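Presented below is the structure to which this report refers.
Number of protein chains: 2
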Amino acid sequence: MPVNFATPAADALYPVAGVRLGLAEAGIRKVDRRDLTLLSLDPGCTVAGVFTQNRFCAAPVQLCRSHLDSGSEIRALVINTGIANAGTGGAGLAAARQTCAALGELLGVAADQVLPFSTGVILEALPVDRLIAGLPRCIDDLAADHWHAAAHAIMTTDTVAKAASRRVQINGKRVTITGISKGAGMIRPNMATMLGFVATDAGIAEPLLRELVREAADESFNCITVDGDTSTNDSFIVIATGQSGAQFSDAQAPGYAALREAVIGVALELAQAIIRDGEGATKFITIAVEGGRDRAECKRVGYAIGHSPLVKTAFFASDPNLGRILCAIGYADIDALDVDKVRVWLSSRGDEVLVAEKGGRAASYREEDGVRIMQSSEITVRVDLGRGAASGTVYSCDFSYDYVKINADYRS
Amino acid sequence: MPVNFATPAADALYPVAGVRLGLAEAGIRKVDRRDLTLLSLDPGCTVAGVFTQNRFCAAPVQLCRSHLDSGSEIRALVINTGIANAGTGGAGLAAARQTCAALGELLGVAADQVLPFSTGVILEALPVDRLIAGLPRCIDDLAADHWHAAAHAIMTTDTVAKAASRRVQINGKRVTITGISKGAGMIRPNMATMLGFVATDAGIAEPLLRELVREAADESFNCITVDGDTSTNDSFIVIATGQSGAQFSDAQAPGYAALREAVIGVALELAQAIIRDGEGATKFITIAVEGGRDRAECKRVGYAIGHSPLVKTAFFASDPNLGRILCAIGYADIDALDVDKVRVWLSSRGDEVLVAEKGGRAASYREEDGVRIMQSSEITVRVDLGRGAASGTVYSCDFSYDYVKINADYRS
Numbered sequence: 004m005p006v007n008f009a010t011p012a013a014d015a016l017y018p019v020a021g022v023r024l025g026l027a028e029a030g031i032r033k034v035d036r037r038d039l040t041l042l043s044l045d046p047g048c049t050v051a052g053v054f055t056q057n058r059f060c061a062a063p064v065q066l067c068r069s070h071l072d073s074g075s076e077i078r079a080l081v082i083n084t085g086i087a088n089a090g091t092g093g094a095g096l097a098a099a100r101q102t103c104a105a106l107g108e109l110l111g112v113a114a115d116q117v118l119p120f121s122t123g124v125i126l127e128a129l130p131v132d133r134l135i136a137g138l139p140r141c142i143d144d145l146a147a148d149h150w151h152a153a154a155h156a157i158m159t160t161d162t163v164a165k166a167a168s169r170r171v172q173i174n175g176k177r178v179t180i181t182g183i184s185k186g187a188g189m190i191r192p193n194m195a196t197m198l199g200f201v202a203t204d205a206g207i208a209e210p211l212l213r214e215l216v217r218e219a220a221d222e223s224f225n226c227i228t229v230d231g232d233t234s235t236n237d238s239f240i241v242i243a244t245g246q247s248g249a250q251f252s253d254a255q256a257p258g259y260a261a262l263r264e265a266v267i268g269v270a271l272e273l274a275q276a277i278i279r280d281g282e283g284a285t286k287f288i289t290i291a292v293e294g295g296r297d298r299a300e301c302k303r304v305g306y307a308i309g310h311s312p313l314v315k316t317a318f319f320a321s322d323p324n325l326g327r328i329l330c331a332i333g334y335a336d337i338d339a340l341d342v343d344k345v346r347v348w349l350s351s352r353g354d355e356v357l358v359a360e361k362g363g364r365a366a367s368y369r370e371e372d373g374v375r376i377m378q379s380s381e382i383t384v385r386v387d388l389g390r391g392a393a394s395g396t397v398y399s400c401d402f403s404y405d406y407v408k409i410n411a412d413y414r415s
Numbered sequence: 004m005p006v007n008f009a010t011p012a013a014d015a016l017y018p019v020a021g022v023r024l025g026l027a028e029a030g031i032r033k034v035d036r037r038d039l040t041l042l043s044l045d046p047g048c049t050v051a052g053v054f055t056q057n058r059f060c061a062a063p064v065q066l067c068r069s070h071l072d073s074g075s076e077i078r079a080l081v082i083n084t085g086i087a088n089a090g091t092g093g094a095g096l097a098a099a100r101q102t103c104a105a106l107g108e109l110l111g112v113a114a115d116q117v118l119p120f121s122t123g124v125i126l127e128a129l130p131v132d133r134l135i136a137g138l139p140r141c142i143d144d145l146a147a148d149h150w151h152a153a154a155h156a157i158m159t160t161d162t163v164a165k166a167a168s169r170r171v172q173i174n175g176k177r178v179t180i181t182g183i184s185k186g187a188g189m190i191r192p193n194m195a196t197m198l199g200f201v202a203t204d205a206g207i208a209e210p211l212l213r214e215l216v217r218e219a220a221d222e223s224f225n226c227i228t229v230d231g232d233t234s235t236n237d238s239f240i241v242i243a244t245g246q247s248g249a250q251f252s253d254a255q256a257p258g259y260a261a262l263r264e265a266v267i268g269v270a271l272e273l274a275q276a277i278i279r280d281g282e283g284a285t286k287f288i289t290i291a292v293e294g295g296r297d298r299a300e301c302k303r304v305g306y307a308i309g310h311s312p313l314v315k316t317a318f319f320a321s322d323p324n325l326g327r328i329l330c331a332i333g334y335a336d337i338d339a340l341d342v343d344k345v346r347v348w349l350s351s352r353g354d355e356v357l358v359a360e361k362g363g364r365a366a367s368y369r370e371e372d373g374v375r376i377m378q379s380s381e382i383t384v385r386v387d388l389g390r391g392a393a394s395g396t397v398y399s400c401d402f403s404y405d406y407v408k409i410n411a412d413y414r415s
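Same order as they appear, the protein sequences are chains A and B.
With positions in the first sequence counted from 1, the corresponding number in the working numbering is that position plus 3.
With positions in the second sequence counted from 1, the corresponding number in the working numbering is that position plus 3.
Shown next as structure tokens:
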């Protein structure tokens, strides 16, 4: 059960002019399951992406990077679930290439105009023949209003489909932004999440889009952790079709700030949905760190707290075990941290309590206040490092029996 | 239940001439439990230690550092369990100072000749009056053969007392090395473990002893992880009494290599015992990384595998989920790693299987071989990075329901 998140209804996911989606059952790993998703893009779109930093990056990630770098106009994205096509060596790369070539042929575009994505089990061979056999059915299924179905088709251990959508008025045009994501475990993206796709019918010139995808990842998918494991397949893509008529080629253009905010907002909703659906999660934890010398050290503290199995099990138990939080701050490797200046608050829905200051428990802190807040399903840990003006936020979840159960059982 | 470890019998822990141990029930946090331990050292001992790198280091750790730096001859160590005296600010430091002063007065030595240690819950105030009231009973109890009782007295969430002892002939003298340790959770020492104490009746000049304690920590307590949490109280101490008559003042002296090996051997046994008793552990995992450019990158890979909750739950499930291991190698931040050169083996008690090479699963690998090895309670993951001659080993354990249970219940 996700923490305070439900998939938006199909009609709350606005189509994005220029993008059509088609699904098929390809039998990649399971039968009777739509596991193949095609996004077909009209001519004239710009596309940019960020990808995992994992050295064992999956074959499709390698191809995505290469196709985006080639400068070819991207016309299609193809996503399979079930098999990650990672740790599959030369054969895996060949399978991803075959996929792009086959889809290119069917759509009448070049292979390097296709971006491939895979998610699922690592080290298993991709059944590329079955995948390719499913492509014509995806094409037959193409429609602008299949975002809801696509959000379901890309799920693996996810318990809910993740999608977000909004419409904003920009420069007199109605601009739509719609996105989907997937992921629940192996989540500590270092560039992007398992998979996230956001499309807008605004037009965004490619250099600006490349900047935007990085900014959006930095504010969303690069702020989340379930278990600290950076996946081999993390990919986050932003597509700009331009069909709304709103066009942007530089960051100072009127209206761009509103568009940027809306795109980042959708990305953040999608990233947070992954945490809310984190494997075994019962609580959604925001770790807001301020007063740092730079954003990097704030996020380091956020991740130290957000990764700590001891902190996460304490959240699961609704136990305000503040010592574990201070301990994690202490090992976040912050140079010359003056612990006497560190302050920590716990809060939930506006109910905020100072819990630690001057190197220890706050004099005003009462255990029952901590217990009350820890019982909430939405908890914020606010940390003031007391040494600067920078801030950074990390989103995490608790660590329950079910995390172990899910990950001990997965695959078997 | 620890994995293949039992506390040595009392008579297998050889006394170390020059060291006497006394225990008492001080009621620090629980009643009817010996929770106060005194090590009294004869004049003429040398003592060196390494301590946690956690910025929120506990008050006793601060005092230990200062007393060791003062050059005063250390004559006593006092250890309380129940309360860590960490995150306790100025009051905590005052409590640790009071403890040293009171014990110094009772023993007729200066306060800075006493090293204090605390372990237990963080952020709670140390009941220093009860502690001090227990000190005379510790003194009354002093005896050379109380190592076994001391190993029990320093336990917190440990399920077994941890101790190791050996005798070696060096330069015609019989030299004894005996040690105790504690710890089961919040274990990812970065200098030393929760608490580890090793004493020898060899004489070791202080500069050489300082080098030895660092080397021994680096080969033992700095190679283990249960949950990746570096505690606030980690301390590892080596005491050299000199009463065997074997004396060393430089590393090239005849016989020193044998002594060094024996001290490191005892430290490694104590460190491994902590992993074998890791919270909820059912398996002991050795991660031996070779072929690295330097030891640091080998240990980084070892820790990435040893920390990964996904790898640890797969071990718990006896599931040879090799993809999770490759994934962890991939995010260990090894610059310009050529994944095609990485090879991975799984083994247990001499039964070794090549599982991955050339960026993916080894052609010769059969799943039943992986399953057979994963069912063992002692598993080695051997990784060859294929880029140098350095190596490094990390010891870890699996991640079970009981880890969550123990840490969700602890304190409540």
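Glycine included, every Cβ here is placed at the ideal spot set by N, Cα and C.
If you're wondering where the values come from, they're calculated on a predicted model, not measured in any experiment.
Asked: Coil, strand or helix - T196(A) by DSSP; Found: Residue confidence is low: T196(A) scores 42 on pLDDT, short of 50, so the model does not pin down where it sits. Its coordinate-derived value is still stated next. Coil.
Asked: L325(B): contacting residues in chain A (beta-carbon distance under 7 Å); Found: L126
Asked: Chain B residues whose Cβ lies nearer than 7 Å to that of T316(A); Found: V407, N410, A411
Asked: Bridge partners - L44(A), DSSP secondary structure assignment; Found: V22(A)
Asked: Environment of E264(A) [buried if 16+ CB atoms lie within 10 Å]; Found: exposed
Asked: Where Y406(B) sits in the DSSP three-state scheme; Found: helix
Asked: DSSP state of L349(B) mapped onto helix, strand, coil; Found: strand
Asked: Chain B contacts from the stretch 352-368 of chain A (Cβ-Cβ distance under 8 Å); Found: A359, K361, G362, G363, R364
Asked: Listed by chain order, chain A residues near F402(B) by CB distance under 7 Å; Found: V407
Asked: Where P119(B) falls: helix, strand or coil (DSSP); Found: strand
Asked: Closest Cα partner of V81(B) within the set T40(B), D115(B), Q116(B); Found: T40(B)
Asked: Distance, V64(A) Cα to T383(B) Cα; Found: 31 Å
Asked: Residue burial classification, Q255(A) (beta-carbon count within 10 angstroms, cutoff 16); Found: exposed
Asked: Limits of the beta strand (DSSP E) - the one that V384(A) falls within; Found: 381-387
Asked: Proximity test, Cβ basis, 8 Å: V216(B) and chain A; Found: no
Asked: At least three beta-carbon pairs within less than 8 Å, the stretch 5-14 of chain B to the stretch 121-135 of chain B; Found: no
Asked: CB contact below 8 Å: P11(B) versus chain A; Found: no
Asked: Through-space distance from A317(A) to N324(A), alpha-carbon basis; Found: 6 Å
Asked: Rounded C-alpha distance that separates D372(A) from L349(A); Found: 9 Å
Asked: With 16 other Cβ atoms within 10 Å as the buried cut-off, status of A195(B); Found: Caution applies to A195(B), whose pLDDT of 35 falls short of 50 and renders its modelled position unreliable; the model cannot decide the point.
Asked: DSSP-derived helix/strand/coil call for G216(A); Found: Rather than Gly, the amino acid found at residue 216(A) in this sequence is Val. Note: V216(A) maps to helix in three-state DSSP.
Asked: Chain A within 8 Å of Y306(B), Cβ atoms only; Found: no
Asked: Segment limits, beta strand (DSSP E) that includes D354(A); Found: 354-360
Asked: Cβ neighbour criterion (16 or more within 10 Å) applied to A202(B); Found: buried
Asked: Where G373(A) sits in the DSSP three-state scheme; Found: helix
Asked: Sub-8 Å separation of T122(A) and I157(A) beta-carbons; Found: yes
Asked: Buried/exposed call for T102(B), threshold 16 Cβ in 10 Å; Found: buried
Asked: Same chain, Cβ closer than 8 Å to R390(A), neighbours up to 5 away in sequence not counted; Found: G294, G295, R296, L340, D341, K344
Asked: Assigned secondary structure, V304(B) (DSSP; H/G/I helix, E/B strand, else coil); Found: helix
Asked: Cβ of P312(A) within 8 Å of any chain B Cβ; Found: yes
Asked: Where Y398(A) meets chain B, residues with beta-carbon distance less than 9 Å; Found: Those within 9 Å of Y398(A) in chain B number zero; the least Cβ separation is about 17 Å.
Asked: 8 Å Cβ cutoff, G95(A) in contact with chain B; Found: yes
Asked: Which of helix, strand or coil DSSP assigns to G395(A); Found: strand
Asked: Sufficient close CB pairs (3 or more, under 8 Å) joining the stretch 237-248 of chain A to the stretch 145-162 of chain A; Found: no
Asked: Through-space distance from L198(B) to V358(A), alpha-carbon basis; Found: 28 Å
Asked: Closer than 8 Å to chain B by CB, A320(A); Found: yes
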